[in-house]
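**Q** Got a structure for you, questions after.
There are 2 protein chains.
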Amino acid sequence: MPHRFARSAAAREGARLRTEEVADWLAERRAAHSFRVDRIPFERLDGWSFREDGGDLAHHSGRFFTVEGLRVTSTAGPVREWQQPIINQPEVGILGIVVKEFDGVLHLLMQAKMEPGNRNLLQLSPTVQATRSNYTRAHRGSGVRYVEYFTDRSRGRVLADALQSEHGSWFFRKSNRNMIVEAHGEVPEHPDFRWLTLGQIGALLRRDNLVNMDARTVLSCAPFPDPDGVALHSATELLSWFTAERARHDLTAERVPLGRVAGWRRGPWSIDHEAGRYFSVVAVSVRAGSREVSGWSQPLFEPHGLGVTAFLTRRIGGTPHLLAHARVEGGFADTVELGPTVQYTPENHAHLPVPPPFLRTVLEAGRSRVRYEAVHSEEGGRFLNAESRYLFVEAGEAEAPLQAPPGYVWVTPYQLSRLVRHNHYLNVQARTLLSCLTSGAVRL
Amino acid sequence: MPHRFARSAAAREGARLRTEEVADWLAERRAAHSFRVDRIPFERLDGWSFREDGGDLAHHSGRFFTVEGLRVTSTAGPVREWQQPIINQPEVGILGIVVKEFDGVLHLLMQAKMEPGNRNLLQLSPTVQATRSNYTRAHRGSGVRYVEYFTDRSRGRVLADALQSEHGSWFFRKSNRNMIVEAHGEVPEHPDFRWLTLGQIGALLRRDNLVNMDARTVLSCAPFPDPDGVALHSATELLSWFTAERARHDLTAERVPLGRVAGWRRGPWSIDHEAGRYFSVVAVSVRAGSREVSGWSQPLFEPHGLGVTAFLTRRIGGTPHLLAHARVEGGFADTVELGPTVQYTPENHAHLPVPPPFLRTVLEAGRSRVRYEAVHSEEGGRFLNAESRYLFVEAGEAEAPLQAPPGYVWVTPYQLSRLVRHNHYLNVQARTLLSCLTSGAVRL
Numbered sequence: 227m228p229h230r231f232a233r234s235a236a237a238r239e240g241a242r243l244r245t246e247e248v249a250d251w252l253a254e255r256r257a258a259h260s261f262r263v264d265r266i267p268f269e270r271l272d273g274w275s276f277r278e279d280g281g282d283l284a285h286h287s288g289r290f291f292t293v294e295g296l297r298v299t300s301t302a303g304p305v306r307e308w309q310q311p312i313i314n315q316p317e318v319g320i321l322g323i324v325v326k327e328f329d330g331v332l333h334l335l336m337q338a339k340m341e342p343g344n345r346n347l348l349q350l351s352p353t354v355q356a357t358r359s360n361y362t363r364a365h366r367g368s369g370v371r372y373v374e375y376f377t378d379r380s381r382g383r384v385l386a387d388a389l390q391s392e393h394g395s396w397f398f399r400k401s402n403r404n405m406i407v408e409a410h411g412e413v414p415e416h417p418d419f420r421w422l423t424l425g426q427i428g429a430l431l432r433r434d435n436l437v438n439m440d441a442r443t444v445l446s447c448a449p450f451p452d453p454d455g456v457a458l459h460s461a462t463e464l465l466s467w468f469t470a471e472r473a474r475h476d477l478t479a480e481r482v483p484l485g486r487v488a489g490w491r492r493g494p495w496s497i498d499h500e501a502g503r504y505f506s507v508v509a510v511s512v513r514a515g516s517r518e519v520s521g522w523s524q525p526l527f528e529p530h531g532l533g534v535t536a537f538l539t540r541r542i543g544g545t546p547h548l549l550a551h552a553r554v555e556g557g558f559a560d561t562v563e564l565g566p567t568v569q570y571t572p573e574n575h576a577h578l579p580v581p582p583p584f585l586r587t588v589l590e591a592g593r594s595r596v597r598y599e600a601v602h603s604e605e606g607g608r609f610l611n612a613e614s615r616y617l618f619v620e621a622g623e624a625e626a627p628l629q630a631p632p633g634y635v636w637v638t639p640y641q642l643s644r645l646v647r648h649n650h651y652l653n654v655q656a657r658t659l660l661s662c663l664t665s666g667a668v669r670l
Numbered sequence: 227m228p229h230r231f232a233r234s235a236a237a238r239e240g241a242r243l244r245t246e247e248v249a250d251w252l253a254e255r256r257a258a259h260s261f262r263v264d265r266i267p268f269e270r271l272d273g274w275s276f277r278e279d280g281g282d283l284a285h286h287s288g289r290f291f292t293v294e295g296l297r298v299t300s301t302a303g304p305v306r307e308w309q310q311p312i313i314n315q316p317e318v319g320i321l322g323i324v325v326k327e328f329d330g331v332l333h334l335l336m337q338a339k340m341e342p343g344n345r346n347l348l349q350l351s352p353t354v355q356a357t358r359s360n361y362t363r364a365h366r367g368s369g370v371r372y373v374e375y376f377t378d379r380s381r382g383r384v385l386a387d388a389l390q391s392e393h394g395s396w397f398f399r400k401s402n403r404n405m406i407v408e409a410h411g412e413v414p415e416h417p418d419f420r421w422l423t424l425g426q427i428g429a430l431l432r433r434d435n436l437v438n439m440d441a442r443t444v445l446s447c448a449p450f451p452d453p454d455g456v457a458l459h460s461a462t463e464l465l466s467w468f469t470a471e472r473a474r475h476d477l478t479a480e481r482v483p484l485g486r487v488a489g490w491r492r493g494p495w496s497i498d499h500e501a502g503r504y505f506s507v508v509a510v511s512v513r514a515g516s517r518e519v520s521g522w523s524q525p526l527f528e529p530h531g532l533g534v535t536a537f538l539t540r541r542i543g544g545t546p547h548l549l550a551h552a553r554v555e556g557g558f559a560d561t562v563e564l565g566p567t568v569q570y571t572p573e574n575h576a577h578l579p580v581p582p583p584f585l586r587t588v589l590e591a592g593r594s595r596v597r598y599e600a601v602h603s604e605e606g607g608r609f610l611n612a613e614s615r616y617l618f619v620e621a622g623e624a625e626a627p628l629q630a631p632p633g634y635v636w637v638t639p640y641q642l643s644r645l646v647r648h649n650h651y652l653n654v655q656a657r658t659l660l661s662c663l664t665s666g667a668v669r670l
């Protein structure tokens, strides 16, 4: 199975749409629908309001999600206690890609999907991207196309299926099922959907803001062949290191009412940090033709500044390795997950005396060391203009020693792809970078 | 490595103590120390009291653990909402066994350890059983013997290391590190410790109340050889089934003050369920010579009735399989873990119109079908006289169909032993039964 995906990753063109035609097809779908997203003050939200008891921002049906407060206390790290708004959406959604062979090569059924928070609105998405509210019809709209491949076992063969975390800084313990299913029989191709090889998607991942976050996280779960290289640490050593990292962090994350979150101020158009850092909670109204319902309004989180998300990479004994970081995020279900070497929004750290570890190495790397660079959007259904520069940067012993500092570990891409078969090992940013490897967008 | 453990499991006698001498050695250690556990009313607890604000039962130092309340709501299952007392102990402890070869066979360094809640007080325990309070000296007693093998990487080679859950019905999101470390160099043998082969421990696991819970959970993590049998479900299918089980359960577990837990009543000696079911919270005073400190008092949870915990087993295509159950317990960090086929205290279900699934099959099985049966104690540091009958019971198609009912799945022991390398797949009861397989106490 890893070799079938490797063959698809090697296929630069597919049996259907040519790679160079994808941008035109997306533009055509964008034109075919009429999308419009406008900022609105909170009081113009339809169906949403601040609860009288505590001030949480919630939908009157009790569904979708709520914006609440979180108080985090930690026994380690530079900041030991903070409060922030957080999205609480306890249900588990499905992010799924249907795959099928054409001419002996696996193709993935990708969707042109609008999300209100993406700057260009429409990006390449998984076949299915459904909250449980979606497919149980809380939206009171039409059903979710192709969802039956993920809910009815008789429709296909499951190739990957694991719960993966969403952004732990903005979501409270939110996970989605990430699934890849090989369809049995004919699959009708709706105009908003196209079959592409993994290699075509890899080529598209080298462009900015084209492959959405939900697609990237599912792609990271594609089986990845063992390149027969020797890893610096055995599987048992790696698991033991990770267990120790989870064990040594005592983190308490407790929800508090949004109206009583210290350090944040609510205005008519936004809720902001008192120093203007991190993010704001805002509201938008959405008009769309192709979405499950024709119009709605909702809150979104709008981060301040462009993120920088990067793996430092080097060959160890001839085998490519990545420097992973055991990250604590307040919304993680399990305290710690493996993240990239660097995952920061530099502006948020500008007031601190020392820059975060490895950030300067990434920011100051010469072109010859940058193996991959593209700007990608985070989840456009919850976040507004949330973008990060994603990079792979080659490093040497001086910047990234073999003896990694506490909290960091050298791993091979294959080791990461074994871990991602299980829940909550890799955070969503690490999975975006892993998807660049499974799809061949970058080869180390 | 699995074969080195298999060889140790096959060794019925070791290089040191003979199996038949273990009971005498335990009796001798029991006599060497002076243990005394007495029930006391809450007001005689030393350093513990009910907090004025909310009534949680806590130690004045803020350490050890607290008894709080939990409110659980679930979208599935026979009971959709309940409240109960729960133990909150957020720190991660270490349960570890040091191993070493003698005459070419791995031996495990086991401890004769007193725990106040065990009926016979002293049982065979792991080398190290330490809360973080223990080894950071919150007890203000002596250090924990041999803990350096688990905290200092230079002292040995890690063979297993994962976070595993404690009892999800009585603990709120409590995990411990389960570790097996092969020591470098000589290891001094203290009188409370003895080297035994895995096979010797397997023989002792066939006796009642001799191998404690902490030992059993660590033993379940011993690498287990692949018997080359074909599993009914592939690894990917099994992971997908498990992911679906986690995804379909919406469970909310929120702590509430102990003094406001609905349906429970606090008296001077105990906190009890109003129908007398489930368990009581009680208090004991402890006097002991060999413990880290010479005397203390503490709360304990005392379950009502003897538990019944069993795997139904059958050969499928010649390969032994176990029927695992996706269990929801209010205190689990991740909602669902794999448990045994049956895990109930029959008295707690006597008032319900229908007995729980498979319970009658286990209770009414003829002797010829019972492949293993022994009574074991649960964690004696937190639970008083908490005992369960653990069984493996052979079943046929009539009682346990190949097409398992929703929430149940057929797995091989090897598949379970692969899962237990990772966090939170198997609950502590399933791990006790798995330890009977890794140690050869039962061969299917």
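The listed protein sequences correspond, in order, to chains P and L. First residue of the first sequence: 227, per my numbering; consecutive thereafter. First residue of the second sequence: 227, per my numbering; consecutive thereafter. Backbone N, C-alpha and C fix where the C-beta goes; we use that ideal spot for every residue, glycine too.
Is the separation between the beta-carbon of P:D264 and that of P:S511 shorter than 7 Å?
**A** Cβ atoms of P:D264 and P:S511: closer than 7 Å.
**Q** Compare the beta carbon distance of L:I313 and L:A356 with 7 Å and say whether it is the shorter of the two.
**A** Contact: no.
**Q** Within the 7 Å Cβ cut-off, does L:H365 reach chain P?
**A** For L:H365, the pLDDT reaches just 47, beneath the cut-off of 50, and the residue's location in the model is therefore unreliable, although a value from the coordinates is still provided. Not one chain P Cβ lies under 7 Å of L:H365.
**Q** Under a Cβ-count criterion, where at least 16 other Cβ atoms within 10 Å of its own Cβ denotes burial, should L:P546 be classed as buried or exposed?
**A** Looking at its Cβ environment, which holds 16 or more other Cβ atoms inside 10 Å, L:P546 is buried.
**Q** Grab the span of the alpha helix (DSSP H) containing P:W495 for me, first residue to last.
**A** That residue, P:W495, is in no alpha helix (DSSP H); it is neither H nor E in DSSP.
**Q** Locate the alpha helix (DSSP H) running through L:M439, then write down its first and last residues.
**A** From DSSP, the alpha helix (DSSP H) with L:M439 extends over M439 to L445.
**Q** Out of curiosity, what's the CA-to-CA distance linking L:E463 and L:R540?
**A** Those two C-alpha atoms are separated by around 20 Å.
**Q** Under 7 Å, CB to CB, which of the residues in the stretch 622–633 of chain L have a partner in chain P?
**A** Here the close residues number zero.
**Q** Name the chain P residues that come within less than 9 Å of L:F471, Cβ to Cβ?
**A** The sequence given here places Glu at residue 471 of chain L; Phe does not occur at that position. The contacting residues do not exist; L:E471 stays about 10 Å from chain P at best.
**Q** Roughly how far, in whole angstroms, is the beta-carbon of L:F328 from the beta-carbon of L:A241, given that I think they are within contact range, below 8 Å?
**A** Yes, L:F328 and L:A241 are in contact; Cβ-Cβ is about 4 Å, under 8 Å.
**Q** Check L:S380 in the structure and name its three-state DSSP category.
**A** Of the three classes helix, strand and coil, the one that applies to L:S380 here is helix, per DSSP.
**Q** In whole angstroms, what is the alpha-carbon distance linking L:P451 and L:G280?
**A** Answer to the nearest angstrom: the Cα atoms are 51 Å apart.
**Q** Under a CB-based cut-off of 7 Å, is L:A479 close to chain P?
**A** Chain P contact via Cβ: absent.
**Q** Rounding to the nearest angstrom, what Cα-Cα distance links L:A237 and L:T245 in this structure?
**A** Cα to Cα, L:A237 sits roughly 11 Å from L:T245.
**Q** How should L:A249 be labelled, buried or exposed, when 16 other C-beta atoms within 10 angstroms of its C-beta is the threshold for buried?
**A** When all chains shown are included, L:A249 counts as exposed.
**Q** From the beta carbon of L:H459, is the nearest beta carbon of chain P less than 7 Å away?
**A** No, its Cβ sits nowhere closer than 7 Å to a Cβ of chain P.
**Q** Would you call P:Q629 buried or exposed, if buried means 16 or more other Cβ atoms sit within 10 Å of its Cβ?
**A** Answer is exposed; the Cβ neighbour count stays below 16.
**Q** Quick one: which chain L residues come within Cβ less than 7 Å of P:E316?
**A** Note on residue identity: the sequence assigns Pro, not Glu, to residue 316 of chain P. Result: D476 and T478.
**Q** Among L:A576, L:G556, L:A612 and L:V384, whose alpha-carbon lies nearest the alpha-carbon of L:Q309?
**A** Answer by Cα proximity: L:G556.
**Q** Per DSSP, which residues does L:K326 bridge with? Please list them.
**A** The partner list for L:K326 (beta bridge, DSSP) reads L:H333.
**Q** Do L:L610 and L:L526 have their C-beta atoms closer together than 7 Å?
**A** Yes, they are a contact pair.
**Q** What does the alpha-carbon distance come out to for the pair P:V407 and P:P414?
**A** One C-alpha to the other measures close to 15 Å.
**Q** Could you work out which residues of chain L lie near P:S466, taking near to mean beta carbons separated by less than 7 Å?
**A** Those within 7 Å of P:S466 in chain L are V384 and D387.
**Q** Strictly under 7 Å for the Cβ-Cβ distance: is L:R403 near chain P by that measure?
**A** So yes, L:R403 belongs to the interface.
**Q** I need the boundaries of the beta strand (DSSP E) containing P:H285, first residue and last residue.
**A** L283 to H285 is the extent of the beta strand (DSSP E) around P:H285.
**Q** Is the stretch 618–625 of chain L in contact with the stretch 590–598 of chain L, if contact means three or more CB pairs nearer than 8 Å?
**A** Touching, yes, given that three or more Cβ pairs across the two stretches are closer than 8 Å.
**Q** Can you tell which of L:R553, L:A509 and L:V601 has its C-alpha closest to the C-alpha of L:A473?
**A** Out of L:R553, L:A509 and L:V601, L:R553 has the C-alpha closest to the C-alpha of L:A473.
**Q** Compute the distance between the beta-carbons of L:R707 and L:E294, then report whether it is under 7 Å.
**A** The question about residue 707 of chain L has no answer here: the residues shown for chain L are numbered 227 through 670.
**Q** Cα separation between L:P228 and L:R306?
**A** About 42 Å.
**Q** Which of the three DSSP states is assigned to P:S460 in this structure?
**A** P:S460 falls in the coil class under three-state DSSP.
**Q** Would you mind working out which of P:H602, P:P583, P:S391 and P:N438 sits nearest P:P632, comparing C-alpha positions?
**A** The shortest Cα separation from P:P632 among P:H602, P:P583, P:S391 and P:N438 belongs to P:P583.
**Q** Is there a C-beta anywhere in chain L that falls below 7 Å from the one on P:H648?
**A** For P:H648, the answer is yes, since a Cβ of chain L falls inside 7 Å of its Cβ.
**Q** What's the gap between the Cα of P:R366 and the Cα of P:T353?
**A** Residue placement at P:R366 is poorly supported in this model, since its pLDDT is 48, which falls under 50; the coordinates still yield a value, given next. Straight-line Cα distance between these residues: approximately 20 Å.
**Q** CA-CA distance, P:H459 and P:L465?
**A** Those two C-alpha atoms are separated by around 10 Å.
**Q** By the 10 Å Cβ neighbour count, where 16 or more other Cβ atoms means buried, how is P:E471 classified, buried or exposed?
**A** Buried.
**Q** Identify which residue in L:N649, L:Q641 and L:H650 has its Cα closest to the Cα of L:L663.
**A** Measuring from the Cα of L:L663, the nearest candidate turns out to be L:Q641.
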